[in-house]
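Engineer: Chains as they are written, first to last, in this note's numbering: chain R, 26 to 146; chain D, 531 to 810.
Glycine is no exception: its CB is placed at the ideal position from the N, C-alpha and C atoms.
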Amino acid sequence: MKTCLVVDDSKVIRKVARHILETLDFTVTEACDGREALASCMASIPDVILLDWNMPVMSGMDFLRALREADVPRRPKVVFCTTENGMAYIRAAIEAGADEYVMKPFDRETLESKLQIVGMA
Amino acid sequence: MTPRSAASSPASPPASQTAINVLTALLEARTGQQIAAYRSWRLDTALKPLLRDRNLDTLDQLVTQLLEGNDRLIGDRIVDALVNQETSFFRDAQVFEMLAEAVAAAESGGRRARIWCAGCSTGQEPLSLAMLFADRHETTGAPVPEIVATDVSDAAIARARAGRFSQFEIQRGLPVRRMVRWFDTTGSDWIAKPDLLKRIVFRRMNLMADPAPVGRFDIVLCRNVLLYLSATTKEQVFPKIAAALNPGGVFVMGAGETVIGQTRLFEPSKRFRGFYETPR
């Protein structure tokens, strides 16, 4: 079964994402900020990470940079999922090593299509 | 006819069977598309914006306006609203991988391939093809095929020509790198760059009534269109598509569609799984 780490400080978003991902046969774990996500990845690398941008403690961008520099056994796919919808943000995310980008609000079809693009659905 | 009052209820009363019959008959006469009886709820959903625009409460009032004949454009507006326009970028991604192979095969003589997207809706399919082959051109220098895209709906073709998509539409199936490479933002919408749009010729065309685009094509895509047409209408459309294909050209239908049992003008392609060719 594929694994997905949902990183978002909003409990509602985590719940919605979990629901969609579980219908797509993912095993889902959650983190509410970048630092918690990094600790989770050090314990177990998921197949894909659904990542918010603006979070307390450690932002999604800081998490992504740290993850891409970390000595981890494999490279998980990272899909940003954020309200930061400007071109500059999207380019910065790609530059930092994001594989895909979902602009909130999103629905099931959008998330599924992005997971298909990264080879995860 | 009673215009909608300011205090009217948001829930419209159900349409009469007569109104349903008139609307579905109009759609079929103009486009060949059918709406099955069990899907007649779609009339209400699809026509709600038009009712609001015209300050009407019910589909029966809309049908009355149509039959009065005072507004020449109302029939067009109804048809544009009812035509199924469901589409997305790179829909059924594996089809695009095979299309790249089919185009490469067509180019073997050193000529530029030609593709016809029949029933292109709001343009996501031809734009996906244009991106695919423009990217290929940048990496290999191979020519970008000529792409002709047609649809029965004036409104859909106008939107396709504009290349403007909402945030929801742009995200469906389009990889982010291609999105930032080929689109600009304006407000919350995304607009295809002129360098992409110029690679496609958009044209309004009724598959049933109008002649096919001039010349022959190496690939004709008509995906998720024919399933809405009656058997009689399909009998008119299949020969048109067959006649538009170059010898050795391929015909591509939607994932859930087949020609088997519907026409002998095509047979499953031995070279490209899931595609069809005319018998040799």
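Check whether the segment 693-713 of chain D touches the segment 765-772 of chain D, counting contact only when three or more Cβ pairs, one atom from each stretch, lie closer than 8 angstroms.
Structural biologist: Touching, no, given that fewer than three Cβ pairs across the two stretches are closer than 8 angstroms.
Engineer: Mind pulling the chain R residues with CB within less than 9 angstroms of GLY599/D?
Structural biologist: Mapped onto the second sequence, residue 599/D falls at position 69. None at all; the shortest Cβ gap to chain R is about 40 angstroms.
Engineer: Flag THR715/D as yes if its beta-carbon sits less than 9 angstroms from any beta-carbon of chain R, otherwise no.
Structural biologist: Numbered from its first residue, the second sequence carries residue 715/D at position 185. Yes, its Cβ sits closer than 9 angstroms to a Cβ of chain R.
Engineer: Report the residue ranges of all alpha helix (DSSP H) runs contained in full by the segment 76-117 of chain R; include only those spanning at least 4 residues, in chain order.
Structural biologist: Listed in chain order, the complete alpha helix (DSSP H) runs (minimum 4 residues) inside the segment 76-117 of chain R are 85-94.
Engineer: Using the Cα positions of LEU76/R and LEU63/R, report the straight-line distance between them to the nearest angstrom.
Structural biologist: Within the first sequence, numbered from 1, the residue matching residue 76/R stands at position 51. Within the first sequence, numbered from 1, the residue matching residue 63/R stands at position 38. About 12 angstroms.
Engineer: What residue does the beta strand (DSSP E) around ARG734/D start on, and which one ends it?
Structural biologist: On the second sequence, position 204 is the one that residue 734/D refers to. Element bounds for ARG734/D: 730-734.
Engineer: Once DSSP output is grouped into helix, strand and coil, what is the label at THR617/D?
Structural biologist: As a working mapping, residue 617/D is identified with position 87 in the second sequence. Of the three classes helix, strand and coil, the one that applies to THR617/D here is coil, per DSSP.
Engineer: Just the Cα atoms here: how many angstroms apart are LEU662/D and ASN551/D?
Structural biologist: For the purposes of this step, residue 662/D is taken as residue 132 along the second sequence, with counting starting at 1. For the purposes of this step, residue 551/D is taken as residue 21 along the second sequence, with counting starting at 1. Those two C-alpha atoms are separated by around 42 angstroms.
Engineer: For ALA679/D, which residues from the same chain have a beta carbon less than 6 angstroms from its beta carbon, with the 5 sequence-adjacent residues on both sides left out?
Structural biologist: The sequence position of residue 679/D within the second sequence is 149, counting from 1. For ALA679/D, where only same-chain residues beyond five positions count, the Cβ hits under 6 angstroms are CYS647, CYS650, PRO656, ILE730, PHE732.
Engineer: Since THR52/R is in the beta strand (DSSP E), which residue starts that stretch and which ends it?
Structural biologist: The sequence position of residue 52/R within the first sequence is 27, counting from 1. Note, THR52/R: beta strand (DSSP E), 51-56.
Engineer: Using beta-carbon positions only, say whether SER546/D and ASP590/D come within less than 9 angstroms of one another.
Structural biologist: Indexing the second sequence from 1 puts residue 546/D at position 16. Indexing the second sequence from 1 puts residue 590/D at position 60. A contact, by the Cβ cut-off of 9 angstroms.
Engineer: How is ILE790/D classed by DSSP in three states: helix, strand or coil?
Structural biologist: Along the second sequence, one-based indexing puts residue 790/D at 260. Coil at ILE790/D, not helix or strand.
Engineer: Output needed for ARG611/D: all residues of its chain with C-beta closer than 6 angstroms, excluding positions within five of it in sequence on either side, in chain order.
Structural biologist: The count along the second sequence starts at 1 and reaches residue 611/D at position 81. Inspection of the sequence shows that residue 611/D is occupied by Ala rather than by Arg. Contacts found: ALA576, LEU577, LEU580.
Engineer: Since CYS29/R and ASP96/R should fall inside the 8 angstroms C-beta cutoff, what is the C-beta to C-beta distance between them, to a whole number of angstroms?
Structural biologist: What you label residue 29/R is simply residue 4 of the first sequence in a count that begins at 1. What you label residue 96/R is simply residue 71 of the first sequence in a count that begins at 1. So it is not a contact: roughly 22 angstroms between Cβ atoms.
Engineer: With respect to 8 angstroms, is the separation between the Cβ of ILE565/D and the closest non-hydrogen atom of the ligand MN below this value?
Structural biologist: The ligand MN is not part of this structure, which contains no ligands at all.
Engineer: Kindly list, in the order they appear in chain D, the residues whose Cβ is closer than 7 angstroms to that of TYR126/R.
Structural biologist: Walking along the first sequence from the start, residue 126/R turns up at place 101. What TYR126/R touches in chain D: VAL706.
Engineer: What is the rounded straight-line gap between the Cα of PHE88/R and the Cα of ARG60/R?
Structural biologist: The residue you call residue 88/R lines up with position 63 of the first sequence. The residue you call residue 60/R lines up with position 35 of the first sequence. The alpha-carbon atoms of PHE88/R and ARG60/R are separated by roughly 7 angstroms.
Engineer: Just to make sure I have the definition right: I need the residues of chain R whose C-beta is within less than 8 angstroms of the C-beta of VAL710/D. Which are they?
Structural biologist: Locating residue 710/D in the second sequence gives position 180, where the first residue counts as 1. What VAL710/D touches in chain R: MET112, ILE115, ARG116, ILE119.
Engineer: Which residues, taken in chain order from the segment 127-143 of chain R, show a beta carbon closer than 8 angstroms to some beta carbon of chain D?
Structural biologist: Correct list: VAL127, MET128, PHE131, ASP132, GLU134, THR135, SER138, LYS139, GLN141, ILE142.
Engineer: If I measure Cβ to Cβ from VAL82/R and keep anything under 6 angstroms in the same chain, skipping five residues before and after, which residues do I get?
Structural biologist: Taking the first sequence and counting its residues from 1, the one referred to as residue 82/R is at position 57. ASP58, ARG60.
Engineer: Where do the ends of the alpha helix (DSSP H) carrying THR594/D lie?
Structural biologist: The count along the second sequence starts at 1 and reaches residue 594/D at position 64. Where THR594/D is concerned, the enclosing alpha helix (DSSP H) stretches over 589-598.
Engineer: With ASP719/D as the anchor, note down where its beta strand (DSSP E) starts and where it stops.
Structural biologist: Here residue 719/D refers to the residue found at position 189 of the second sequence. Here the beta strand (DSSP E) through ASP719/D covers 719-722.
Engineer: Should GLY786/D be flagged as near chain R, meaning a C-beta pair shorter than 9 angstroms?
Structural biologist: On the second sequence, residue 786/D is found 256 positions in, with the first residue counted as 1. Not closer than 9 angstroms to any Cβ of chain R, the Cβ of GLY786/D fails to qualify, so no.
Engineer: Closer than 9 angstroms, CB to CB, is ALA146/R near chain D or not?
Structural biologist: Position 121 of the first sequence, counted from the start, is the residue given in the question as residue 146/R. No, because no Cβ of chain D sits closer than 9 angstroms to the Cβ of ALA146/R.
Engineer: Compare the C-beta of SER618/D with all C-beta atoms of chain R and state if any pair is closer than 9 angstroms.
Structural biologist: Along the second sequence, read from residue 1 onward, the residue named residue 618/D stands at position 88. SER618/D counts as touching chain R.
Engineer: In chain order, what residues of the same chain lie with their CB nearer than 7 angstroms to the CB of SER723/D, ignoring the 5 residues before and after it?
Structural biologist: In the second sequence, counting from the first residue as 1, residue 723/D sits at position 193. The sequence as given places Lys at residue 723/D; Ser does not occur at that position. Only TRP712, PHE713, ASP714 meet the Cβ criterion.
Engineer: Using a Cβ-Cβ distance under 9 angstroms, would ALA123/R count as near chain D?
Structural biologist: By one-based count along the first sequence, residue 123/R stands at place 98. Yes, ALA123/R lies at the interface with chain D (some Cβ there is under 9 angstroms from its Cβ).
Engineer: Check whether the Cβ atoms of VAL479/D and LEU737/D lie closer than 9 angstroms to each other.
Structural biologist: No information on residue 479/D is available, as it lies outside the stretch 531 to 810 that chain D covers here.
Engineer: Please determine if the segment 595-613 of chain D and the segment 551-563 of chain D are in contact, where contact requires at least 3 C-beta pairs separated by less than 8 angstroms.
Structural biologist: Yes, the segment 595-613 of chain D is in contact with the segment 551-563 of chain D.
Engineer: Ignore the nearest five residues each way along the sequence and tell me which others in THR763/D's own chain have a CB closer than 6 angstroms to its CB.
Structural biologist: The residue labelled residue 763/D in the question sits at position 233 within the second sequence. Same-chain partners within the cutoff: GLY562, MET738.
Engineer: Would you report the Cα separation of THR48/R and PHE796/D, rounded to the nearest angstrom?
Structural biologist: Within the first sequence, the letter at position 23 stands for residue 48/R. Within the second sequence, the letter at position 266 stands for residue 796/D. Near 38 angstroms, if we compare the C-alpha coordinates of PHE796/D and THR48/R.
Engineer: Starting from ARG702/D, find everything on chain R with Cβ-Cβ shorter than 8 angstroms and list it in chain order.
Structural biologist: Here residue 702/D is taken as the residue at index 172 of the second sequence, counted from 1. Simply GLU134, THR135, SER138.
Engineer: From this set, GLU631/D, ALA773/D, GLY804/D, which residue's C-alpha is nearest GLY784/D's C-alpha?
Structural biologist: As a working mapping, residue 784/D is identified with position 254 in the second sequence. Per the Cα distances, GLY804/D.
Engineer: ILE645/D and PRO673/D: beta carbons closer than 9 angstroms?
Structural biologist: The count along the second sequence starts at 1 and reaches residue 645/D at position 115. The count along the second sequence starts at 1 and reaches residue 673/D at position 143. No, the pair does not count as a contact, with Cβ atoms beyond the cut-off.
Engineer: Does ALA475/D get closer than 9 angstroms to chain R when you measure Cβ to Cβ?
Structural biologist: Because chain D here runs from 531 to 810, residue 475/D falls outside it and cannot be looked at.
Engineer: Does any residue of chain R bring its CB to less than 9 angstroms from the CB of PHE626/D?
Structural biologist: For the purposes of this step, residue 626/D is taken as the residue at position 96 of the second sequence. Output row for PHE626/D: interface = no.
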